[in-house]
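Q: If you're matching positions, the sequence shown starts at 1235 in this note's numbering and goes up one per residue. Cβ coordinates follow ideal geometry from the N, Cα and C atoms, glycine included. No experiment lies behind these values; they were computed from the predicted model shown.
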Amino acid sequence: MQEDIDIIIPRSHPRYESLLLRELLVKGWREGIVVTEGLLAHGRGECFDYLIGERSEDFALEAERAAAAALLSAKRPVISVNGNTAALAAESIVALAHEVGALLEVNLFYRTEERAKRIAQVLYKHGAEKVLGVYDATASIPGIHHARGKVSPHGIYVADTVMVPLEDGDRTKALKDMGKLVIAIDLNPLSRTAMTADITIVDNVVRAIPNITRFARQMKRMNRSELRSIVESYDNRKVLSKALRHIAERLKKMASEIELNTYV
Ligand code: PTJ
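Here you go:
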């Protein structure tokens, strides 16, 4: 895959990393893993990442640390996987699930049984031992109608903590209404998901997942009450506010530099 992409985009291209992600999404779309709407969602994410500066800022690291503590101290943690996440971060998401002892579940906004199977295959290919949500999506999230509310009765339905990369606000709220702690990964700090989740990671999923795994490794020796105190002292409103301030200040600085012709 990397080789195929190298033919299309030279590594010397200044936007190589960003274009690589785009190509991974397109490949996932061609293979029936990513839904067409997922390409649009990625474009929105790209734009916010551009404004943030395409790096994991302090507000992201703070949320990623809290997410690691929440997953490690949960009784039944589940990581939800959709098309975009499978295309961009299958390997690292399997590694994270392994590190924190979470279950992996395919949960799709635009659900088809065929796509659910394909996403599970991608996860198995990257070393997942068990993937829920394909043949056992027999429970429903209360208040969410149609196939997008289908979950496993052994996974998301009974989880106490659910991590939802690139989720929609509706389901985030419904999961919270079920009493679950919700961790979202969303580059848009203004999205309904970002505003509704308990822990919002404003970072690209490709950086966020390995960062959470790294924090989890560092926290492995902490006991449950130490981990819970990290989660309880975490303030999502402050983190979202920091993300917005970062974007605003960065844009102001760039505007001044452009005016003075010092922007590079
Ligand atoms: O595979 P499915 O059927 O579950 O569908 C997945 C999508 C993403 C199409 C579906 O969940 C959807 O329509 O999502 P939204 O409502 O467009 O929200 C996606 C959010 O993820 C937006 O706020 C984007 O800014 C954000 N986003 C996009 N790419 C990334 C991202 N956040 C983190 N990392 C990214 N790479």
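Taking Cβ positions, are R1448 and S1290 nearer each other than 7 Å?
A: Against a cut-off of 7 Å, the Cβ pair of S1290 and R1448 comes out as no contact.
Q: Quick one: give me the first and last residue of the beta strand (DSSP E) that I1375 is part of.
A: I1375 -> no beta strand (DSSP E), and no H or E assigned at all.
Q: Quick check on the DSSP output: the beta strand (DSSP E) that includes I1419 runs from which residue to which?
A: Segment 1415-1419, the beta strand (DSSP E) holding I1419.
Q: Give a yes or no on contact between the segment 1264-1271 and the segment 1340-1352, applying the rule of three or more CB pairs nearer than 8 Å.
A: The segment 1264-1271, when compared against the segment 1340-1352, does touch it at the 8 Å Cβ threshold.
Q: Here's a check: name, in chain order, each residue in its chain whose Cβ is nearer than 6 Å to the Cβ of E1348, leaving out the five neighbours to either side.
A: So no residue of the chain qualifies.
Q: At what residue ranges does the segment 1392-1478 contain a whole run of the alpha helix (DSSP H), taking only runs of 4 or more?
A: Qualifying alpha helix (DSSP H) stretches, in chain order: 1403-1411, 1426-1430, 1439-1453, 1458-1467.
Q: Buried or exposed: which applies to M1488, given that a residue is buried once 16 or more other Cβ atoms fall within 10 Å of its Cβ?
A: Its Cβ having fewer than 16 others within 10 Å, M1488 is exposed.
Q: A1275: beta carbon under 6 Å from a heavy atom of the ligand NAP?
A: No copy of the ligand NAP appears in this structure; the ligands present are the ligand PTJ.
Q: What are the boundary residues of the alpha helix (DSSP H) that E1291 is part of?
A: Segment: none, E1291 is in no alpha helix (DSSP H) and carries neither H nor E.
Q: Run through DSSP, which three-state label would S1314 get?
A: Strand.
Q: Grab the span of the beta strand (DSSP E) containing L1338 for me, first residue to last.
A: L1338 -> beta strand (DSSP E) spans 1337-1340.
Q: At a cut-off of 6 Å, would you count N1318 as near the ligand PTJ, judging by its Cβ distance to the nearest heavy atom?
A: Under cutoff, so the answer is yes.
Q: Counting pairs of beta carbons, one from the segment 1398-1410 and one from the segment 1249-1259, are three or more of them closer than 8 Å?
A: With a cut-off of 8 Å, the segment 1249-1259 and the segment 1398-1410 do not count as touching, because too few Cβ pairs lie within range.
Q: Less than 8 Å between the CB atoms is what I'm expecting for A1294 and I1464, so what's the real figure, rounded?
A: Actually they do not touch by this definition, with Cβ atoms about 16 Å apart.
Q: Can you tell me whether E1390 is buried or exposed, with buried defined as 16 or more other CB within 10 angstroms of its CB?
A: Looking at the sequence provided, one finds Ile at residue 1390 rather than Glu. With 16 or more other Cβ atoms within 10 Å, it is buried.
Q: Cβ-heavy atom distance between F1343 and the ligand PTJ below 6 Å?
A: Yes.
Q: Quick check: does the Cβ of S1425 come within less than 6 Å of any heavy atom belonging to the ligand PTJ?
A: Yes, the beta carbon of S1425 sits closer than 6 Å to at least one heavy atom of the ligand PTJ.
Q: Can you determine whether any heavy atom of the ligand PTJ sits closer than 6 Å to the C-beta of R1405, and answer yes or no?
A: No, Cβ of R1405 sits at least 6 Å from all heavy atoms of the ligand PTJ.
Q: Report all residues from its chain with a CB closer than 6 Å to the CB of A1321; omit the five preceding and five following residues, and keep chain order.
A: The residues are L1258, L1259, G1262, I1267, V1268.
Q: When burial is assigned at 16 or more other CB atoms within 10 Å of the CB, is D1469 buried or exposed?
A: Classification of D1469: exposed, given that the 10 Å Cβ count is below 16.
Q: Does DSSP put V1365 in a helix, a strand or coil?
A: In the structure shown, V1365 sits in a strand (DSSP, three-state: E or B).
Q: Between N1438 and the ligand PTJ, is there a pair consisting of the residue's CB and a ligand heavy atom that are separated by less than 6 Å?
A: Under cutoff, so the answer is yes.
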